[in-house]
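Accompanying notes for the structure given below.
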Amino acid sequence: MTVIDGTLKLDPEEARRVRQERLERVGRWVLPLAIMILAIWLWDRTCVWNEIPQYILPRPGVVLQTLHNDAGLLFSSLLVTLRITFLSLALAVIGGVGLSVLFAQSKWVEMSFFPFAIVLQVTPIVAIFPLINIYVNNQTTKLLLCAWIVAFFPILSNTTLGLNSVDRNLRDLFKLNGATRWQQLRYLRLPAAMPYFLGGLKIAGGLSLIGAVVAEFVAGATGQSSGLASRIIEAGYRLNAPRLFAALFLISLTGILIFLVLSLISHLILRRWHESALKQER
Amino acid sequence: MIGEKVARAPASDVAPTLLALRGVGKVFSNGVTALSDVDLTIREGDFLSLLGPSGCGKSTALRLIAGLSTPTSGVLDWRGGGSLDRANIGFVFQEPTLLPWASVFDNVWLPLRLKGISRAKAAPAITQMLARVHLTGFEDAVPRELSGGMKMRVSIARAMVTKPRVLLMDEPFAALDEITRFKLNDDLLELWQDERFTVVFVTHSVFESVFLSNRVVVMAARPGRVFDELAIEAAYPRDEAFRTSPDYAALCRQASDVLVNAINSTAGPHHDGH
């Protein structure tokens, strides 16, 4: 009996480890949430204690109220921004993956064209926009082009890296079995590049939102946009701080949601085989 | 059938030649001579081991036979000229080299898939092959869920699913623990005796080469070359009893002596002493 009891009972060190693990799991959620609530409470108290006027720093409650009162205006603007964001992300995926597959066909193509992609990436989009403004007439196309330029590079560079980092033996195996170029791409290189692509996609998701907002900002300065950024500019001119905060809140929330959705997609696709997705199991 | 299996003698000079390497050499682009003037005849049904220290070019020789690399001198003569159709070669790498995103079943399907055979059409052959390597029930597992030995079994099943005439193996069991390695050695021998293909097996283990092969070709390094050849005359099937027999010990000793000579033959100004 005692022996059985002995094996069932965890030794103190093991018990401490298990407790530590459980605490960490709870803490991962509770701590940031507590800090967030504390920060909002401090914000609220700062406004009250210092009698800060609403047009300088509105209280969190007022921001929420504004979010509710201006919901029609803000959400229709959000929809405009979201449309640009997702369209440009989709185009970034098509363009990034398409170009990287093209690059993967030949080292020469990659060497010739990759520098152009880098030039596009490192030149600040705000500086390019006036040119786009001259050459492109359609408002949506303008914004899309801007957001696309910002978002496509991480997908291109990551997928290119993935397509080129296939295990040498696997490549030999395909060669031994007489695989065609297309078969090698379809059954070996594209699946092998998947984790790299998804990493790039996660970055591109955030960037496409940033790209869309920045493009709206530049376009909005000339009164041509109706997205969230133009609401912010407008609210800034009118010293409508509550609405400014409400719009800002919506943009951050969108960014967080995009990141979470892309992380989930990535986890679902990779969980069967990729090591970075494994730690959840067991 | 059983009687025939037991009576099977080591492939001898009577068996027809499958492949002859004549004066084969390989110099890499960096100037290193990996192989120099190799003459080697592989016969139908041989279980031939290439045994030697690292750097003796045994893996290079295997890659040449596989057609993954071309010799800088000499010829590979596939019985009566021409090269063997690649469909007739199975290759097992030192690592399992599986597609990590594909199930066991789909990994074994791969060579057939690349030949345009649908999953449904390939299924009987795959199921049969998985049974042969004792992996029935693991069809839907992914590689990361398998142990090292099981992964290697998948790798062997994948190489054998096309029913190749020649199976080339590049130190396939080097990374496995001894118990797993013994089991895989037994199973490989069983497969070989049933299917009657030809095996070229690269290893640096004297014990493994003697246990498995009917011919052990000992190679020496710098430059990589064939040093000597031993015929292992012990009858098949070889099992646990053979592994513990004095005969086996004596053969291992003999092969070990030849290997030591091969290693010493390299000793000179370039020898690094390992």
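Line order of the protein sequences matches chains F and S. Residue numbering for the first sequence follows the numbering used here, beginning at 166 and increasing consecutively. Residue numbering for the second sequence follows the numbering used here, beginning at 9 and increasing consecutively. Note that the Cβ used here is the ideal one computed from N, Cα and C, for glycine as well.
For residue 346 of chain F, no Cβ of chain S is located within less than 8 Å of the residue's own Cβ. For residue 99 of chain S, the nearest CB of chain F lies under 8 Å from its own CB, placing it at the interface with that chain. Judged by pairs of C-beta atoms under 8 Å, the segment 200-216 of chain F does not touch the segment 344-353 of chain F, as fewer than three such pairs exist. Annotation: Cβ neighbours of residue 103 of chain S in chain F (cutoff 8 Å, chain order): 334. Under the three-state reduction of DSSP, residue 31 of chain S is assigned to strand. Neighbourhood of residue 340 of chain F in chain S, by CB distance below 7 Å: 76, in chain order. The C-alpha of residue 305 of chain F lies about 14 Å from the C-alpha of residue 382 of chain F.
Sequence-distant Cβ neighbours of residue 322 of chain F in its own chain, meaning closer than 6 Å and more than five residues away, do not exist here. Nearest CB-CB separation between residue 351 of chain F and chain S: not below the 8 Å threshold. Shortest Cα-Cα distance from residue 289 of chain F to any of F:312, F:221, F:397 involves F:312.
Per DSSP, residue 248 of chain S is one residue of the alpha helix (DSSP H) stretching across 248-251. Taking 8 Å as the Cβ-Cβ cut-off, the segment 150-165 of chain S approaches chain F at 150, 151, 152, given in chain order.
Listed by position along chain S, the residues whose Cβ is nearer than 7 Å to that of residue 437 of chain F are 109, 150. Taken through DSSP and simplified to helix, strand or coil, residue 98 of chain S comes out as strand. For residue 25 of chain S, DSSP records a beta bridge to S:51.
Only residues of its own chain outside the window of five on either side were considered, and among them 260 have a CB closer than 8 Å to the CB of residue 215 of chain S, listed in chain order. Annotated as distal: residue 292 of chain F and residue 327 of chain F, with beta-carbon spacing of 8 Å or more. If you compare the alpha carbons of F:178, F:324, F:310 with that of residue 368 of chain F, the shortest gap goes to F:324. For residue 268 of chain F, the enclosing alpha helix (DSSP H) has its first and last residue at 236-270. DSSP places residue 394 of chain F outside any beta strand (DSSP E); the residue lies instead in the alpha helix (DSSP H), whose first and last residues are 393-402.
The beta carbon of residue 41 of chain S lies closer than 6 Å to those of 35, 231 in the same chain, with the five residues before and after it left out. Distance from the CA of residue 126 of chain S to the CA of residue 73 of chain S, rounded to the nearest whole angstrom, comes to 29 Å. Residue 79 of chain S has a beta carbon lying at 8 Å or more from every beta carbon in chain F. A distance below 8 Å between beta-carbons, with the five flanking residues on each side excluded, links residue 199 of chain S to the following residues of its chain, in chain order: 140, 141, 164, 168. Excluding five sequence positions before and after residue 217 of chain S, the CB atoms of its chain that fall closer than 6 Å to its own CB belong to 57, 59, 211, 224, given in chain order.
Taking the CA atoms as reference points, residue 188 of chain S sits about 11 Å from residue 161 of chain S.
Only residues of its own chain outside the window of five on either side were considered, and among them 254, 423, 424, 427 have a CB closer than 7 Å to the CB of residue 370 of chain F, listed in chain order.
Taken through DSSP and simplified to helix, strand or coil, residue 343 of chain F comes out as coil.
Residue 181 of chain S sits in coil when the DSSP states are folded into three classes, being neither helix nor strand.
Around the beta carbon of residue 159 of chain S, a 10 Å sphere encloses 16 or more other beta carbons of the protein chains shown; the residue is thus reported as buried. With contact defined as three or more Cβ pairs closer than 8 Å, the segment 407-420 of chain F and the segment 270-290 of chain F are not in contact.
Within the segment 180-218 of chain S, the complete beta strand (DSSP E) segments at least 3 residues long are 206-211, listed from N- to C-terminus.
Contact between residue 308 of chain F and residue 384 of chain F is confirmed by a C-beta separation of about 6 Å, below the 8 Å threshold. DSSP places residue 414 of chain F in the helix class (H, G or I) of the three-state scheme. Burial check for residue 299 of chain F: the Cβ neighbour count within 10 Å stays below 16, so the residue is exposed. In summary, the residues of the segment 356-382 of chain F whose CB is separated from some CB of chain S by less than 9 Å are 356, 357, 359, in the order they occur in the chain.
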